[in-house]
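Peer 1: The structure's right below; bear with me while I get my questions together.
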Amino acid sequence: MTSTMRSVAATTTRRAWLAVAFAAFCIGWGGNEFTPLLIAYAQQAGYSRVDVDVLLGAYVLGLVPGLLLASTLSDRHGRRPVMAVGVVASAIGSLTLAVGDVAGFSALFGGRLLSGLAVGIAMAVGSAWITELSKPPFDDADPGTGARRASICLSMGLGAGPLCAGLLAAFAPLPLVLTYVVHVVLCAPALWAVLTRSVETRTEGSTRSLLQGLRVPAATHRRFTHVVIPMAPWIFGSAAIAYAIVPALVADELGQWALLYTAGLTVLTLACGVLVQPIARRLDDVSSARAVVVSMVLMIAGILAAVFTALTRSPVLAVLVAMLLGSAYGIAIVSGLLEIQRIAAPDELAGITGVYYSLAYVGFLLPAALAALARYVTYPVMLTGVAVVAAACAVRCASGWSKHLDTARPFEMPNR
23 MTSTMRSVAA
33 TTTRRAWLAV
43 AFAAFCIGWG
53 GNEFTPLLIA
63 YAQQAGYSRV
73 DVDVLLGAYV
83 LGLVPGLLLA
93 STLSDRHGRR
103 PVMAVGVVAS
113 AIGSLTLAVG
123 DVAGFSALFG
133 GRLLSGLAVG
143 IAMAVGSAWI
153 TELSKPPFDD
163 ADPGTGARRA
173 SICLSMGLGA
183 GPLCAGLLAA
193 FAPLPLVLTY
203 VVHVVLCAPA
213 LWAVLTRSVE
223 TRTEGSTRSL
233 LQGLRVPAAT
243 HRRFTHVVIP
253 MAPWIFGSAA
263 IAYAIVPALV
273 ADELGQWALL
283 YTAGLTVLTL
293 ACGVLVQPIA
303 RRLDDVSSAR
313 AVVVSMVLMI
323 AGILAAVFTA
333 LTRSPVLAVL
343 VAMLLGSAYG
353 IAIVSGLLEI
363 QRIAAPDELA
373 GITGVYYSLA
383 YVGFLLPAAL
393 AALARYVTYP
403 VMLTGVAVVA
413 AACAVRCASG
423 WSKHLDTARP
433 FEMPNR
């Protein structure tokens with residue numbers, strides 16, 4: 023092999039993470055394209071607030087098995103085939119949602135389950151795969167780059183999906199169909215990229231049984247239980263407040279612009295989550311829980327701002343809520359990933375990533391829970407209660423500030 027050919031091969035290998043990132047982006051797109059259409063389903067299809075919030079959180083039921091099973095299957099059979107299944111599941115989920123406008127609630131629920139399964143695969147397998155491809159011998163990127171790349175590509179997909187959906191719903195015909203068709207078309211090149219342009223990192227399959235693979239010892243690590251678990255549900259809990267609960271609170275003030283406003287608020291939340299991630303990395307400290315605690319403080323501030331939004335019904339104040347909670351989301355998701363990378367052995371990385379994201383997505387059930395309670399308690403009161411619970415979790419995270427680090431794996435990121 024000539025030096026030129028070796029150089030090209032090395033460059034291709036270093037860029038192999040891009041194929042996985044594109045697939046994760048497309049799956050994230052499919053997982054969140056439903057969000058800005060909540061108002062459309064309520065106004066045009068006649069579903070109640072509880073119905074649409076149940077559909078919003080329904081994909082958690084598909085996501086959690088996807089997170090936990092996909093990581094084990096990818097250890098046994100390789101990252102590539104499992105990630106390919108994720109892209110296919112995402113496309114089929116969108117097709118099912120496209121016919122849901124006619125087929126009814128059951129089809130919508132099934133489509134959301136499939137979308138959740140796909141997002142689970144992207145988060146567990148995709149995040150672990152991108153992290154592996156960002157380290158030697160595949161890449162010589164700076165330590166911690168893999169976590170940031172995985173988080174950014176998923177967040178960009180989660181933001182691009184609702185942006186496209188909101189624009190189509192506002193200006194195109196048949197938005198409850200066309201939105202999903204666009205995503206299905208996008209999945210085709212993503213599947214091609216995974217199958218032909220990615221580099222497999224699991225060349226030797228795990229010999230553990232499926233049941234053994236579901237055991238993740240790192241999940242019992244004291245650093246994980248004291249610092250990561252109390253924070254994790256607030257990752258997507260904060261995002262759900264920003265772009266599922268708050269837009270509904272101010273929708274009556276916006277008239278025909280409510281749907282486009284919801285899409286904009288969703289994009290703003292996730293854009294802040296992406297833009298803040300370089301700061302999140304600098305906040306990360308191998309000797310403390312600084313970044314985790316900062317994210318929780320921002321979450322509490324954002325939830326309290328949401329309380330005032332519920333009282334005033336102010337669309338302007340809702341923008342501040344989105345910025346605060348989006349920033350909290352971005353810092354939290356990266357800091358959690360960096361914490362688990364320090365805890366887990368290489369063979370446990372996909373498994374602990376699955377557990378981490380499973381806990382994170384529990385927060386996405388919050389809108390449905392509050393919608394069900396809304397007949398008894400007002401939103402300002404409920405959100406105040408949510409802020410109190412978040413404050414208790416922040417105290418728990420802070421109590422583990424510099425504890426249980428002696429048994430964590432050494433991590434090569436310099437202290438900043």
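Under the working numbering, residue 438 is the last one in the sequence shown; the count climbs by one each step, no gaps.
Glycine included, each C-beta is placed from N, C-alpha and C at the ideal position.
Keep in mind that this is a model prediction, so the values were computed, not measured.
Is G88 near A46, with beta carbons less than 9 Å apart?
Peer 2: Walking along the sequence shown from the start, residue 88 turns up at place 66. Walking along the sequence shown from the start, residue 46 turns up at place 24. In this structure, A46 does not lie closer than 9 Å to G88 by Cβ.
Peer 1: Taking the C-alpha atoms as reference points, what is the distance between W39 and S116?
Peer 2: Here residue 39 refers to the residue found at position 17 of the sequence shown. Here residue 116 refers to the residue found at position 94 of the sequence shown. About 25 Å.
Peer 1: Alpha carbon to alpha carbon, how far is L200 from A120?
Peer 2: For the purposes of this step, residue 200 is identified with residue 178 of the sequence shown, where counting begins at 1. For the purposes of this step, residue 120 is identified with residue 98 of the sequence shown, where counting begins at 1. Those two C-alpha atoms are separated by around 7 Å.
Peer 1: With 16 other CB atoms within 10 Å as the buried threshold, where does L196 fall?
Peer 2: Against the sequence shown, residue 196 aligns to sequence position 174. The Cβ neighbour count for L196, taken over all protein chains shown within 10 Å, is under 16; the residue is labelled exposed.
Peer 1: At the level of alpha carbons, what is the spacing between P337 and D162?
Peer 2: Here residue 337 is taken as the residue at index 315 of the sequence shown, counted from 1. Here residue 162 is taken as the residue at index 140 of the sequence shown, counted from 1. Taking the straight line joining both Cα atoms gives about 45 Å.
Peer 1: If I follow the unbroken alpha helix (DSSP H) through S177, where does it start and stop?
Peer 2: Your numbering for residue 177 matches position 155 in the sequence shown. Note, S177: alpha helix (DSSP H), T167 to F193.
Peer 1: Which of helix, strand or coil does DSSP assign to H248?
Peer 2: By 1-based counting over the sequence shown, the position of residue 248 is 226. DSSP, reduced to helix, strand and coil, places H248 within a helical segment of the structure shown.
Peer 1: Quick check on M27: buried or exposed, where buried means 16 or more other Cβ atoms within 10 Å of its Cβ?
Peer 2: Mapped onto the sequence shown, residue 27 falls at position 5. Reliability of the predicted coordinates at M27 is poor, the pLDDT of 32 falling under 50, and no value is obtained from them.
Peer 1: Could you tell me how far apart the beta carbons of T331 and V410 are, in whole angstroms, since I believe they sit closer than 8 Å?
Peer 2: Here residue 331 refers to the residue found at position 309 when the sequence shown is read from its first residue. Here residue 410 refers to the residue found at position 388 when the sequence shown is read from its first residue. In fact, because the Cβ distance is near 17 Å, the residues do not count as touching under 8 Å.
Peer 1: For the alpha helix (DSSP H) holding E361, just list the boundary residues, first then last.
Peer 2: Position 339 of the sequence shown, counting from 1, holds the residue named residue 361. It spans P337 to I365 - the alpha helix (DSSP H) in which E361 sits, taken as one unbroken run.
Peer 1: Considering only their Cβ atoms, is the gap separating T153 from A169 smaller than 9 Å?
Peer 2: Looking up residue 169 in the sequence shown gives position 147. Looking up residue 153 in the sequence shown gives position 131. Result yes, Cβ atoms of A169 and T153 sit closer than 9 Å.
Peer 1: Scan the segment 47-103 and note each continuous alpha helix (DSSP H) run of 4 residues or more that stays entirely inside, going in chain order.
Peer 2: 60-66 and 71-99
Peer 1: Only counting the same chain, and skipping five residues up and downstream in sequence, which positions put a Cβ closer than 7 Å to that of L333?
Peer 2: Residue mapping note: residue 333 aligns to position 311 of the sequence shown, counting from 1. Same-chain partners within the cutoff: P402.
Peer 1: Which same chain residues, not among the five before or five after S137, have their C-beta less than 6 Å away from its C-beta?
Peer 2: Translated into positions along the sequence shown, residue 137 becomes position 115. G52, G53, Y81 and G115, listed in sequence order.
Peer 1: Using the rule of at least 16 other Cβ atoms within 10 Å of the residue's Cβ for burial, across every protein chain shown, is V30 buried or exposed?
Peer 2: To locate residue 30, count along the sequence shown from 1; it is residue 8. Here V30 scores only 34 on pLDDT, less than 50, and its place in the model should not be relied on; the value that follows carries that caveat. Flag for V30 reads exposed.
Peer 1: Hey, how far is the Cα of V249 from the Cα of A150?
Peer 2: Numbered from 1 along the sequence shown, position 227 holds the residue referred to as residue 249. Numbered from 1 along the sequence shown, position 128 holds the residue referred to as residue 150. Taking the straight line from one Cα to the other gives about 21 Å.
Peer 1: With distances taken Cα to Cα, identify the nearest neighbour of A241 among I301, L381 and R335.
Peer 2: In the sequence shown, residue 241 corresponds to position 219, counting from 1. Looking at the Cα atoms, L381 is the closest of the given residues.
Peer 1: Find the nearest neighbour of V314 within the set W423, A280 and L281, judged by alpha-carbon distance.
Peer 2: The sequence position of residue 314 within the sequence shown is 292, counting from 1. Comparing Cα positions, the closest option is W423.
Peer 1: Secondary structure at P402, three-state DSSP: helix, strand or coil?
Peer 2: Along the sequence shown, one-based indexing puts residue 402 at 380. In the structure shown, P402 sits in a helix (DSSP, three-state: H, G or I).
Peer 1: Taking contact to mean 3 or more Cβ pairs, one atom from each stretch, closer than 8 Å, check whether the segment 281-292 and the segment 93-109 are in contact.
Peer 2: no
Peer 1: Return the chain-ordered list of same chain residues with a C-beta closer than 6 Å to the C-beta of S421, the five sequence neighbours on each side being excluded.
Peer 2: Here residue 421 refers to the residue found at position 399 of the sequence shown. If we look at S421 and ignore the five residues flanking it on each side, it has no Cβ neighbours.
Peer 1: Please tell me whether V109 and A187 are closer than 9 Å, where the distance is taken between their beta carbons.
Peer 2: Working through the sequence shown from its first residue, we reach residue 109 at position 87. Working through the sequence shown from its first residue, we reach residue 187 at position 165. Going by C-beta atoms, V109 is not nearer than 9 Å to A187.
Peer 1: Counting only the same chain and skipping the five closest in sequence on each side, list residues whose C-beta sits under 7 Å from that of A372.
Peer 2: Looking up residue 372 in the sequence shown gives position 350. Short of 7 Å from the beta carbon of A372, and not among the five residues preceding or following it, lie these beta carbons of its own chain, in chain order: S93, S96, D97, A146, V147 and A150.
Peer 1: With a Cβ-Cβ cutoff of 9 Å, do T406 and A266 count as a contact?
Peer 2: By one-based count along the sequence shown, residue 406 stands at place 384. By one-based count along the sequence shown, residue 266 stands at place 244. Result no, Cβ atoms of T406 and A266 do not sit closer than 9 Å.
Peer 1: Could you check what DSSP says for C131 in three-state terms: helix, strand or coil?
Peer 2: Translated into the one-based positions of the sequence shown, residue 131 becomes position 109. In the sequence as displayed, the identity of residue 131 is Phe instead of Cys. Three-state result, F131: helix.
Peer 1: Per DSSP, what kind of secondary structure is H478 in: helix, strand or coil?
Peer 2: Residue 478 is absent from the model: the chain starts at 23 and stops at 438.
Peer 1: Verify whether the separation of the beta carbon atoms of G487 and L85 is less than 9 Å.
Peer 2: Past the boundaries of the shown model lies residue 487; the chain is included only from 23 to 438, so the question cannot be answered.
Peer 1: Within this structure, are the beta carbons of L346 and A323 separated by less than 9 Å?
Peer 2: Walking along the sequence shown from the start, residue 346 turns up at place 324. Walking along the sequence shown from the start, residue 323 turns up at place 301. Their beta carbons are under 9 Å apart, which means L346 touches A323 by this criterion.
Peer 1: Compute the Euclidean distance between the alpha carbons of I355 and R171, then round it to the nearest angstrom.
Peer 2: One-based indexing of the sequence shown puts residue 355 at position 333. One-based indexing of the sequence shown puts residue 171 at position 149. Answer to the nearest angstrom: the Cα atoms are 12 Å apart.
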